[in-house]
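Please read the structure below before turning to the comments.
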């Protein structure tokens, strides 16, 4: 009984201070409520303000990472609209080497087009007219081409589609044996048909200081010289048909040959090739600012392309070395540009050239095509943010 009494007394003694503390806290809370809250707020850091500041800085950092450039090297575009007149010259060359070690170079006459263009920011549209054949409507003889290059700070894209017409001419032919082939130079030959379509996508590493658009789309101005490594991938689909019987009939009819066409006619047959090219490329680009508002630009990329022939059966025990030697080719793309641009007015010239190679079963081809542009234009309609900054400066 005594033990129970002692335990109850101890429990009462322990609980009494707690009860008095709670009563005291309630009294302070009721009498000095605002003082208590202010004291706690003053002692505790404002985590909500810090969180908002962190989120704001993170958003600005992300925005800068995506779009920011070093303005000591690149001046961003200050206008919304542009108008331009451009002259475009397209060219194409085919070099074929046959199994008989005969070398043939074919090329159509370059096309010359001129027309107006208009743009709003990154949307750019225009129309050109063929100067040489403004009323040329024979679609069977005339080739078709579509070339489009898009440039941004980090990424560039090339899209192309080409289909040759029946307007090829023999530029050079060599067949050895001391045979004079000069009479064939400039002669028309419609026995070659080719179709090519594909794209290239490439990444620019030093995009904060190097600007492809400054050289090839006039949307920025390069203020200091800079260069950048480039890496990319590409895909192309090729179709090529060569009418060798028709070609050698032309050769025997116009050259002094020891044999007759009938003697070799049986060994000749038309050749048609279809293949797909997948390439990985790398290279370097450089913008050279040699005077104020002047820019000389150049870039070159070389790619290793794996080709797959349609319908080709893979041989058994096909070694890796044979796969590499028979299916790996080298492609290349070269760009050159010269431009004067003070942000309001611009004038310049640019050239883009693509080279593709193919070899299989004794036949090898090299296809070179591209375009040369000469242009002049102006920008107008300053962007809103720049107008506001200019107004503030004037008021101050």
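Residue numbers (our numbering): 57 to 452. Note that beta-carbon positions come from the ideal geometry of N, C-alpha and C, so glycine has one too. Bear in mind the structure is a predicted one, so any value in this text is a computation, not a measurement.
Cβ shell of residue i (< 8 Å), same chain only, five flanking positions each side left out
| i | result |
| --- | --- |
| residue 154 | 160, 300, 418 and 419 |
| residue 202 | 215, 216, 217 and 218 |
Straight-line gap, residue i to residue j (C-alpha atoms, nearest Å)
| i | j | result |
| --- | --- | --- |
| residue 156 | residue 166 | 30 Å |
| residue 176 | residue 136 | 6 Å |
| residue 254 | residue 293 | 6 Å |
| residue 336 | residue 315 | 47 Å |
| residue 180 | residue 206 | 10 Å |
| residue 144 | residue 302 | 33 Å |
| residue 437 | residue 131 | 17 Å |
| residue 187 | residue 200 | 15 Å |
| residue 249 | residue 265 | 44 Å |
| residue 388 | residue 359 | 6 Å |
Own chain, CB closer than 6 Å to residue i, minus 5 neighbours either side, in chain order
| i | result |
| --- | --- |
| residue 229 | 160, 237 and 240 |
| residue 398 | 349 |
| residue 392 | 354 and 407 |
| residue 390 | 356 and 409 |
| residue 287 | 259 and 338 |
| residue 212 | 258 and 268 |
| residue 428 | 145 and 407 |
Contacting residues, own chain, Cβ-Cβ under 7 Å from residue i (five flanking each side not counted)
| i | result |
| --- | --- |
| residue 210 | 259, 260 and 263 |
| residue 304 | 317, 320 and 324 |
| residue 395 | 271, 274, 351, 402 and 404 |
| residue 281 | 343, 344 and 345 |
Beta-ladder partner(s) of residue i, from DSSP
| i | result |
| --- | --- |
| residue 212 | 207 and 258 |
| residue 400 | Per DSSP, none; premise fails for residue 400. |
| residue 426 | 147 and 409 |
| residue 312 | Its beta-bridge partners do not exist; DSSP assigns none. |
| residue 330 | 295 |
Burial state of residue i (16 or more Cβ within 10 Å)
| i | result |
| --- | --- |
| residue 214 | buried |
| residue 100 | Low local confidence applies: a pLDDT of 46 at residue 100 is under 50, so the model's placement there is unreliable, with the coordinate-based value given in what follows. Its Cβ having fewer than 16 others within 10 Å, residue 100 is exposed. |
| residue 172 | exposed |
| residue 233 | exposed |
| residue 432 | exposed |
| residue 204 | exposed |
| residue 235 | exposed |
| residue 340 | exposed |
| residue 347 | exposed |
| residue 183 | exposed |
| residue 140 | buried |
Min CB distance residue i to chain D below 8 Å
| i | result |
| --- | --- |
| residue 184 | Chain labels in this structure do not include chain D; a single protein chain is all it has. |
What ranges does the alpha helix (DSSP H) occupy inside the region 133-209, keeping only unbroken runs of at least 4 residues that lie completely in it?
none
At what residue ranges does the region 243-291 contain a whole run of the alpha helix (DSSP H), taking only runs of 4 or more?
For the region 243-291, whole alpha helix (DSSP H) runs of length 4 or above, ordered along the chain, are 268-272.
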